[in-house]
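Undergrad: Got a structure here, written out as structure tokens. Questions coming.
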Ligand SMILES: [Zn+2]
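Residue numbers (my numbering): 428 to 900.
Below, the structure written as structure tokens:
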């Protein structure tokens, strides 16, 4: 095979790789072809990276500038070359390593070493991340159905809500992860295992006089609390009127929604992003929680445009995409990290439903995830040099799925489910596959994910339908 012209532009990184990798030891003609293909591809990738690198360099050396430089040094070899020796797709990008990721996530659902006892309270999260990751990869998780229901039956607190495990106090983060896991399982047994009456009472105790929600009794009040509470209220079809024993009734509040949209508006910062609570720094995960709240409260077109400054939100969100890395960071002046593929990437379908179009570079994010965020032995990561975990696996995959699919919000709210009471998130429709520039083949496609709940497509509607049939409390 003749060497393509562009291979002469091969970067020094290729020379370094060739000198150290197994290609050096291969001597037959087939392997020469492999080297030439790799050289051609690396030159193409390097050309692309150069095209998206700003020519303006900040010459002031600071600590953050230095760690950014170190990060680029760690990431670029993966964006230009193929240090993991993955098979490449037709775009010259590493294929989705589906089998290895499935193995990693199945393993994440098995027993843990004793050292993990320190994060026992996060058990609901490990279940949710692993189950969601597996379903995104197209896996049938029904073998886990009974175990999931059994685990969460033990962690449901007698006073309502879920704790991290048996005997642990209820917390909205554990409640969110437990509910989503049960929604993914999606059997009548899973739905029926939730005690809606005590959950309603627990959520009433989390409501605060200024409109927000705390994560736990006497715990921190932040936008995660508001989002997790709305997710539970909506999926379980609970009344919006506060329970009679909700403490904030003494301050004159009567509804879970009292003061909430004003409180969310106050979480938008001068930068345009959304913070944990009024006066804090804008952050990608809080932005998703804030936009998720508004997308549960109604049509994103109505709620996001009404309660947020959308031009400044768009400016802040689009500034989260790192160039030349292609992935997202979570805050101003921070580093690219694969989990923001969802926390920031997942904001885009909600914003697109509000303003009609998005301005994220989907191909660039796909390139980062497939090239730099896949761990060689399976599982996905923050960035090269980090270890894989279920959290980064789940959210890299959710972000990639959001980039691959189009979603449309049905403003007419047709359909049987979600006609009233926080029914907003049950009117999303499939709108085909993303038709713009992409870097993934059919083999790299992930299953469609619900843009608000981050569960498999159709599962949120099925859960809500079940609880609508159950009627009010
Ligand atoms: Zn991360």
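Idealized CB from N, CA, C, for every residue including glycine. As the structure is a computational prediction, the values presented were derived from the model and not from experiment.
(1) Determine the direct distance from the alpha carbon of residue 466 to that of residue 441, and round the result to whole angstroms.
(2) Taking a cut-off of 5 Å, which residues have a beta-carbon closer than that to any heavy atom of ligand 1, in chain order?
(3) Ends of the alpha helix (DSSP H) at residue 371?
(4) Compute the Euclidean distance between the alpha carbons of residue 474 and residue 486, then round it to the nearest angstrom.
(5) Just to confirm my understanding: we take residue 452, look at its own chain, exclude 5 residues before and 5 after, and list those with CB closer than 7 Å. What are they?
(6) What are the start and end residues of each continuous alpha helix (DSSP H) run of 4 or more residues lying completely inside the region 515-586, in chain order?
(7) Excluding five sequence neighbours on each side, which residues of the same chain lie with their C-beta closer than 7 Å to the C-beta of residue 562?
(8) From the DSSP secondary-structure annotation, give me the bridge partner or partners of residue 702.
(9) Write down every uninterrupted run of the alpha helix (DSSP H) in the region 606-644 whose length is 4 residues or greater and which is fully enclosed by it, in chain order.
(10) Of all the options 811, 598 and 673, which has the alpha carbon lying nearest to the alpha carbon of residue 655?
(11) Spatial neighbours of residue 638 within its chain, please: CB distance less than 7 Å, with the 5 preceding and 5 following residues excluded, ordered by chain position.
(12) Nearest to residue 710 by CA position, among 751, 767 and 858, is which residue?
(13) May I ask which residues mark the beginning and end of the alpha helix (DSSP H) holding residue 733?
(14) With a threshold of 16 other CB atoms inside 10 Å of the CB of residue 859, please say whether the residue is buried or exposed.
(15) Using the beta-carbon count (16 or more within 10 Å), is residue 512 buried or exposed?
(16) The beta strand (DSSP E) that contains residue 861, what's its start and end?
(17) How big is the Cα-Cα spacing for residue 699 and residue 573?
(18) So, helix, strand or coil for residue 876, using DSSP?
(19) Nearest-angstrom Cα distance between residue 798 and residue 779?
(20) Leaving out five residues on either side along the sequence, give the residues of the same chain with a beta carbon under 8 Å from the beta carbon of residue 891.
(21) Quick one: which unbroken beta strand (DSSP E) runs of 3-plus residues sit fully inside the region 775-849? Chain order, please.
(22) Comparing C-alpha positions only, which one of 877, 503 and 600 sits nearest to residue 723?
(23) Is the region 599-608 touching the region 539-555, taking contact as three or more C-beta pairs under 8 Å?
(24) What residues in its chain sit with their C-beta under 6 Å from that of residue 692, if we drop five residues either side in the sequence?
(25) Any idea what DSSP makes of residue 654, helix, strand or coil?
(26) To which residues of the same chain is residue 448 closer than 6 Å at the C-beta, ignoring the five residues directly before and after it?
(27) Output yes or no for whether 8 Å exceeds the beta carbon distance between residue 791 and residue 502.
(28) Between the beta-carbon of residue 861 and the beta-carbon of residue 896, is there less than 8 Å?
(29) If you run the structure through DSSP and keep just helix, strand and coil, what is residue 682?
(30) Going by the CB atoms, is the gap between residue 496 and residue 469 shorter than 8 Å?
(31) Below 8 Å between beta carbons: does that hold for residue 772 and residue 787?
(32) Distance, Cα to Cα, residue 821 vs residue 560?
(33) Please identify the residue among 651, 658 and 628 whose C-alpha is closest to the C-alpha of residue 668.
(34) Whole-angstrom Cβ separation of residue 781 and residue 731, contact assumed at under 8 Å?
(35) Applying the criterion that 16 or more other CB atoms from any shown protein chain within 10 Å of the CB defines a buried residue, is residue 619 buried or exposed?
(36) Going along the chain, which residues of its own chain have a beta-carbon closer than 7 Å to the beta-carbon of residue 647, five neighbours each way excluded?
TA: On the basis of the coordinates in this document:
(1) Stepping through the chain shown from its first residue, residue 441 is reached at position 14. Stepping through the chain shown from its first residue, residue 466 is reached at position 39. With a pLDDT of 31 at residue 441, under the threshold of 50, the modelled position of this residue cannot be trusted, and the question is left open.
(2) 764, 766 and 809
(3) Not covered by the structure: residue 371. The range shown for the chain is 428 to 900.
(4) Position 47 of the chain shown, counting from 1, holds the residue named residue 474. Position 59 of the chain shown, counting from 1, holds the residue named residue 486. C-alpha separation (whole angstroms): 24 Å.
(5) To locate residue 452, count along the chain shown from 1; it is residue 25. Confidence at residue 452 is low in this model, with a pLDDT of 35, below 50, so its placement is unreliable and no value can be given for it.
(6) 525-534, 550-563 and 572-582
(7) Here residue 562 corresponds to residue number 135 of the chain shown, with the count starting at 1. Same-chain partners within the cutoff: 568, 611, 874 and 883.
(8) In the chain shown, the residue the question calls residue 702 occupies position 275. DSSP output for residue 702 lists 709 as bridge partner(s).
(9) 615-619 and 623-633
(10) For the purposes of this step, residue 655 is taken as the residue at position 228 of the chain shown. Minimum Cα distance to residue 655 is reached at 598.
(11) As a first step, residue 638 must be located in the chain shown, where it is residue number 211. Closer than 7 Å at the Cβ level, and outside the excluded window around residue 638, lie 685, 686, 687, 689 and 690.
(12) Position 283 of the chain shown, counted from the first residue, corresponds to residue 710. Considering only alpha carbons, the answer is 767.
(13) Translated into positions along the chain shown, residue 733 becomes position 306. First-last of the alpha helix (DSSP H) with residue 733: 727-734.
(14) As a working note, residue 859 is residue 432 in the chain shown. Exposed is the call here.
(15) Numbered from its first residue, the chain shown carries residue 512 at position 85. Residue 512 should be labelled exposed.
(16) As a first step, residue 861 is located in the chain shown; it is residue number 434 there, counting from the start. Looking at the DSSP string, residue 861 is not in any beta strand (DSSP E), and its letter there is neither H nor E.
(17) For the purposes of this step, residue 699 is identified with residue 272 of the chain shown, where counting begins at 1. For the purposes of this step, residue 573 is identified with residue 146 of the chain shown, where counting begins at 1. Looking at the two C-alpha atoms, the distance is approximately 44 Å.
(18) Here residue 876 refers to the residue found at position 449 when the chain shown is read from its first residue. Residue state, collapsed to three classes: strand.
(19) Numbered from 1 along the chain shown, position 371 holds the residue referred to as residue 798. Numbered from 1 along the chain shown, position 352 holds the residue referred to as residue 779. Rounded to whole angstroms, residue 798 to residue 779 spans 26 Å at the Cα level.
(20) Sequence index remark: in the chain shown, residue 891 carries index 464 (1-based). For residue 891, where only same-chain residues beyond five positions count, the Cβ hits under 8 Å are 661, 662, 664, 844, 845, 850 and 853.
(21) 832-836
(22) Taking the first residue of the chain shown as position 1, residue 723 is located at position 296. Answer by Cα proximity: 877.
(23) yes
(24) Here residue 692 refers to the residue found at position 265 of the chain shown. Cβ neighbours of residue 692 beyond the five flanking positions: 734.
(25) As a first step, residue 654 must be located in the chain shown, where it is residue number 227. If DSSP states are grouped into helix, strand and coil, residue 654 belongs with the helices.
(26) As a position in the chain shown, residue 448 is number 21, starting the count at 1. Note on residue 448: pLDDT 41, under 50, position unreliable in the model; the coordinate value appears next. No residues qualify anywhere along the chain.
(27) On the chain shown, residue 791 is found 364 positions in, with the first residue counted as 1. On the chain shown, residue 502 is found 75 positions in, with the first residue counted as 1. For residue 791 and residue 502, no; Cβs fall outside 8 Å.
(28) Counted from its first residue, the chain shown places residue 861 at position 434. Counted from its first residue, the chain shown places residue 896 at position 469. Not a contact, by the Cβ cut-off of 8 Å.
(29) Here residue 682 refers to the residue found at position 255 when the chain shown is read from its first residue. Strand at residue 682.
(30) Residue 469 sits at position 42 when you count from the first residue of the chain shown. Residue 496 sits at position 69 when you count from the first residue of the chain shown. In this structure, residue 496 does not lie closer than 8 Å to residue 469 by Cβ.
(31) For the purposes of this step, residue 772 is taken as the residue at position 345 of the chain shown. For the purposes of this step, residue 787 is taken as the residue at position 360 of the chain shown. Yes, the Cβ-Cβ distance between residue 772 and residue 787 is below 8 Å.
(32) As a position in the chain shown, residue 821 is number 394, starting the count at 1. As a position in the chain shown, residue 560 is number 133, starting the count at 1. Those two C-alpha atoms are separated by around 5 Å.
(33) Within the chain shown, the letter at position 241 stands for residue 668. Out of 651, 658 and 628, 628 has the C-alpha closest to the C-alpha of residue 668.
(34) Here residue 781 is taken as the residue at index 354 of the chain shown, counted from 1. Here residue 731 is taken as the residue at index 304 of the chain shown, counted from 1. Between residue 731 and residue 781 the Cβ distance is about 4 Å, and since that is below 8 Å, they are a contact.
(35) Here residue 619 is taken as the residue at index 192 of the chain shown, counted from 1. The residue is exposed, with fewer than 16 neighbouring Cβ atoms inside 10 Å.
(36) By 1-based counting over the chain shown, the position of residue 647 is 220. The residues are 641.
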